[in-house]
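Numbering (the numbering used here), first residue to last: 32 to 151. Ideal placement from N, C-alpha and C gives every residue a C-beta, glycine not left out. Okay, so here's the structure we're looking at.
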Amino acid sequence: MHELSVTESLLDMSVEEAEKAGAAHIDEIKIVIGDLTGISEECVRFYFDIISEGTIAEHARLSFKRMPAVFRCSSCGHVFERERLAFSCPVCGSPGVLIDSGKELYIEGIEVSYDGDKTG
Ligand SMILES: [Zn+2]
Numbered sequence: 032m033h034e035l036s037v038t039e040s041l042l043d044m045s046v047e048e049a050e051k052a053g054a055a056h057i058d059e060i061k062i063v064i065g066d067l068t069g070i071s072e073e074c075v076r077f078y079f080d081i082i083s084e085g086t087i088a089e090h091a092r093l094s095f096k097r098m099p100a101v102f103r104c105s106s107c108g109h110v111f112e113r114e115r116l117a118f119s120c121p122v123c124g125s126p127g128v129l130i131d132s133g134k135e136l137y138i139e140g141i142e143v144s145y146d147g148d149k150t151g
């Protein structure tokens, strides 16, 4: 996948927001990832450590929240979350239709600290 470019934009957005708020350092970045994005949290962490070096986001914690893909059965209307690689209805086996994307990828929030508020 394209974790590097994803990580770059997450970092850019966080730094921009933090600087706008006048923050001295980013402590934590809360990221929401849809299950269907195929983004690997481990890869994002790996790249983040590298590209955040020297920025105000260096050593920030990354927390991830997974959003499941939600489907509705085209025949019985049952609503279900995707089970590993299965897209069919657990009740009747008909194919499900995606109703909630699972393709989200955004920053839910960031925790920052300001000058003088660092405990070291
Ligand atoms: Zn069904």
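#1: For serine 71 and glutamate 34, which I take to be in contact (beta-carbon distance under 8 Å), what is that distance rounded to the nearest angstrom?
#2: Should phenylalanine 95 and isoleucine 60 be called a contact, given that it needs their Cβ atoms to be closer than 7 Å?
#3: So who's on the other strand from valine 143, going by DSSP bridges?
#4: Whole angstroms is fine: what's the gap from valine 101's alpha carbon to phenylalanine 118's?
#5: Given lysine 134, which residues of its chain have a CB within under 6 Å of its CB, disregarding the five upstream and five downstream residues?
#6: My assumption, with CB atoms under 8 Å, is that tyrosine 137 sits in contact with alanine 54. Please give the rounded CB distance.
#7: Look at the Cβ atom of serine 40, then the Cβ atom of isoleucine 57, and state whether they are nearer than 7 Å.
The relevant details are as follows:
#1: About 6 Å separates the beta carbon of serine 71 from that of glutamate 34, a gap short enough to meet the 8 Å contact definition.
#2: Against a cut-off of 7 Å, the Cβ pair of isoleucine 60 and phenylalanine 95 comes out as no contact.
#3: Ile57
#4: 10 Å
#5: Gly65, Leu67, Thr68
#6: Wrong, their Cβ atoms sit about 19 Å apart, outside the cutoff.
#7: no
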